[in-house]
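Novice: Quick one: the structure is below, and I'll ask about it shortly.
There are 2 protein chains.
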Amino acid sequence: MIDKLIDKIKKTNAPVVAGLDPMLSYVPQHILLKSYREFGETLQGAADAIWQFNKGIIDCIHDLIPAVKPQIAMYEQFGVPGMEAFQKTVDYCHEKDLVVIGDVKRGDIGSTSAAYATGHLGKAAVGSSRLSAFSEDFATVNPYLGSDGIQPFLDVCKEEKKGLFVLVKTSNPSSGEFQDRLVDGGRPLYEHVGEKVAEWGAQHMGSSYSYVGAVVGATYPQAGKIMRRLMPKTYILVPGYGAQGGKGADLVHYFNQDGLGAIVNSSRGIIAAYKQEQYAQFSPENYADASRQAVLDMIADIQEALAKAQA
Amino acid sequence: MIDKLIDKIKKTNAPVVAGLDPMLSYVPQHILLKSYREFGETLQGAADAIWQFNKGIIDCIHDLIPAVKPQIAMYEQFGVPGMEAFQKTVDYCHEKDLVVIGDVKRGDIGSTSAAYATGHLGKAAVGSSRLSAFSEDFATVNPYLGSDGIQPFLDVCKEEKKGLFVLVKTSNPSSGEFQDRLVDGGRPLYEHVGEKVAEWGAQHMGSSYSYVGAVVGATYPQAGKIMRRLMPKTYILVPGYGAQGGKGADLVHYFNQDGLGAIVNSSRGIIAAYKQEQYAQFSPENYADASRQAVLDMIADIQEALAKAQA
């Protein structure tokens, strides 16, 4: 799956992921009202609204980008109907041949991690059937519980040719509270986590990069530079572009000399583009066109930064 | 909610949580076949089987214990139908007046953590409605992302009078890989996390203990002793009893002098008791009676250990 992701990045020339993290406040009135009319102001109504919202955006941007990253929390908050909307979104993205990174940040131990891996990347054995559930291509995972929390995910990835992005250095302001703690007399914890990611990844290689990627936030470019060096064969998923403050120029050190090795996520900046001053020419009815323009602008920003860096 | 939990612990004299972590391999044939007959060997069939299995156990043990801890991964692996089974289980436990600890180990940043908190502990605003989704009483959360990952959970807990158990030192063999790293020249990372938990908890007090609890595994009694001292007002959720190797005698230092302060989880040891040699007198048809006996034995083991420690 890492090979497919890289292949699509090369074809689109866009190391970009659209984060499908829909909030009801992003959904234009005409969609909201239609869903509420059909299902009432219920969890089902909310779930339908975010699904319709997503569908509009996916239809408008799928040809530009290699991958999407639905954030499951935004669906889970609406309970079972929300999870149905998540499932529909994942399935629809597969139909459009997009690589789907499930931003689920799961992590547990032993058989429990195995169950998460099964539900998101693998197949559940039910009697003599083997059945996919949510069926993303990659999942984000939390490393706090150590190797035996990660191993069951690795096993499923190997079998299903799927991949992971392990949280290393997250983009939020307080990520340093534990991740930056200096460990064993020197380096921050996240470097140790990154080294583990490289070690896990070495056992699970695609043709040039590993199936096991890492999350390093755009808001910490210095960490990006260090981690790029420490994990040369690791794809880095970079959240925090746009709304969280990261810019293309900050991101060049997340990439390798081959122009690969990183994929940059933007969520609000893409899906709620029509609410930004920069895209005020788009009406709420044309929200998905605004998203398309935001994707084009983001691709141009990153391509320009990479070109400058290589010049 | 921490007050309700403590009240129920006192009434039952049982600082015990039953972990509802059903695997299909635990479900007796007569239940499996009935579910498969009705729904086929499908995700829905699997989800129905684990729900029926749970229901039998809950009916048989709800009067003995204060709380249950469904592990969401075991449901999530069966996709949307699995999440429905999770919801049914939570709802049914509420009907039986059990405190429900959602073992979800979620953790993200900002608005994403807020969405998880909404889905599991709070209410989603949909139009003019405010709607509960999964609606547990407590949730387990992962601290790796730091304070701004936890704060949205705290906000919801305050509003809804619900609680958290933050992962501090987990019960699995490799938990030390990151959690035991010596930080800033001395103490292991988990102690720093524990101090943060106490700090977060001080802002959210029930009448004697905080709404913000901690997870410290039974398999690390030395850590339990240290954390008990560092977090005197923090309730400790202790996984790892029974199947993972912890015994009552190992656990006395997780409790305070008042006999409170800890609640011990057993999952497999209770729900799959009928498969153990010790309970071989119970047939698969009487699996729930075996669970009841396992709960009684566990309560006796812990009470005896606490009585000895106080003698």
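Chains as they are written, first to last, in the working numbering: chain L, 174 to 484; chain Z, 174 to 484.
Positions of the beta carbon are idealized from the N, C-alpha and C atoms, including for glycine.
Here the structure is a predicted model, which is why all the values come from computation and not from measurement.
#1: Interface residues of chain Z around N345/L at Cβ under 8 Å?
#2: Could you pull the DSSP bridge partners for F455/Z from this structure?
#3: Near N315/Z, which residues of its chain fall below 6 Å by C-beta distance, leaving aside the five closest residues on each side in sequence?
#4: Is there at least one Cβ from chain L nearer than 7 Å to V241/Z's Cβ?
#5: By a C-beta neighbour count over all protein chains shown, 10 Å radius and 16 as the cutoff for buried, is Q430/Z buried or exposed?
#6: Using 7 Å as the threshold, is the C-beta distance between P188/Z and I179/Z below it?
#7: If you count every other CB in all the chains shown that lies within 10 Å of the CB of Q454/L, and 16 or more means buried, which is it?
#8: What residues in the stretch 240–269 of chain Z have a beta carbon less than 8 Å from any beta carbon of chain L?
#9: Give me the Cα-Cα distance between Q352/Z and V437/L, rounded to the nearest whole angstrom.
#10: Quick one: what's F351/Z bridged to in DSSP?
#11: Which residues in the same chain as G432/L place their Cβ atom closer than 7 Å to its Cβ, once the five residues preceding and following it in sequence are excluded?
#12: Determine, using beta-carbon pairs with one atom in the stretch 234–241 of chain L and one in the stretch 194–214 of chain L, whether at least three such pairs fall under 8 Å.
#13: Helix or strand or just coil, what does DSSP make of V425/Z?
#14: Would DSSP call P201/Z helix, strand or coil?
#15: Using a 10 Å radius around the Cβ and a threshold of 16 neighbouring Cβ atoms, would you call Q483/Z buried or exposed?
#16: Cβ closer than 9 Å: which chain Z residues qualify as neighbours of Q352/L?
#17: Within 10 angstroms of the Cβ of K184/Z, are there 16 or more other Cβ atoms? Answer buried if so, exposed if not.
#18: For A306/Z, go through chain L and note every residue whose CB falls closer than 9 Å to its CB, in chain order.
#19: Three-state secondary structure (DSSP) at S302/Z?
#20: Examine chain L for any beta-carbon lying closer than 7 Å to the beta-carbon of G275/Z, and answer yes or no.
#21: For Y289/Z, which residues in chain L fall below 8 Å Cβ to Cβ?
#22: Could you tell me the alpha carbon to alpha carbon distance between Y248/L and T291/Z, rounded to whole angstroms?
#23: Could you work out which residues of chain L lie near A297/Z, taking near to mean beta carbons separated by less than 9 Å?
#24: To which residues does DSSP link A526/L through a beta bridge?
#25: So S320/Z and S347/L are supposed to be a Cβ contact under 8 Å. How far apart are they, rounded?
#26: Hey, could you find the ends of the beta strand (DSSP E) F338/Z is sitting in?
#27: Do you know how far the Cα of L304/L is from the Cα of E333/Z?
#28: Quick one: residues in its chain with C-beta nearer than 7 Å to the C-beta of P195/L, no 5 flanking neighbours on either side, listed in chain order?
#29: Measure the C-alpha to C-alpha separation of A297/Z and S380/L and round it to an integer number of angstroms.
#30: Give every residue of the same chain whose Cβ lies closer than 6 Å to the Cβ of K398/Z, excluding the five residues on either side of it in the sequence, and list them in chain order.
#31: Identify the continuous beta strand (DSSP E) that holds S439/L and give its terminal residues.
#32: Looking at the strands, I want to know which residues DSSP matches up with G192/L.
#33: Judging by CA-CA distance, which residue of G213/L, G218/L, Q244/L, Y209/L is the nearest neighbour of A191/L?
#34: If you compare alpha carbons, which of V253/Z, N186/Z, T343/Z is closest to D474/Z?
#35: In this structure, does DSSP put A478/L in helix, strand or coil?
#36: What do you get for Q217/L, buried or exposed, if any count of 16 or more other CB atoms within 10 angstroms of its CB means buried?
Specialist: For this structure:
#1: I282, G283, L318, G319, D321, G322
#2: DSSP lists no partner for F455/Z.
#3: K278, G280, L340
#4: Judged by the 7 Å Cβ criterion, V241/Z is not in contact with chain L.
#5: exposed
#6: no
#7: It counts as exposed.
#8: Q244, A246, M247, E249, Q250, F251, G252, V253, G255, M256, E257, Q260
#9: 29 Å
#10: Beta-bridge pairing links F351/Z to no other residue.
#11: Excluding residues up to 5 positions away in sequence, L479 lie with their Cβ nearer than 7 Å to the Cβ of G432/L in the same chain.
#12: no
#13: helix
#14: Three-state DSSP puts P201/Z in coil, outside helix and strand.
#15: exposed
#16: Y317, L318, G319
#17: exposed
#18: Counting only Cβ-Cβ distances below 9 Å, A306/Z has contacts in chain L at L216, E249, Q250, F251, G252, V253, P254, G255, in chain order.
#19: Reduced to three states, the DSSP call for S302/Z is strand.
#20: no
#21: Annotation: Cβ neighbours of Y289/Z in chain L (cutoff 8 Å, chain order): A246, E249, Q250.
#22: 11 Å
#23: L197, L216, A219, Q250, F251, G252, G255
#24: Here chain L has residues from 174 to 484 only, and residue 526/L is not among them.
#25: 4 Å
#26: 336–342
#27: Going from the Cα of E333/Z to the Cα of L304/L covers about 37 Å.
#28: I223, F226, N227, M247, I444
#29: 45 Å
#30: If we look at K398/Z and ignore the five residues flanking it on each side, its Cβ neighbours are H426.
#31: 435–439
#32: K242/L
#33: Q244/L
#34: N186/Z
#35: helix
#36: buried
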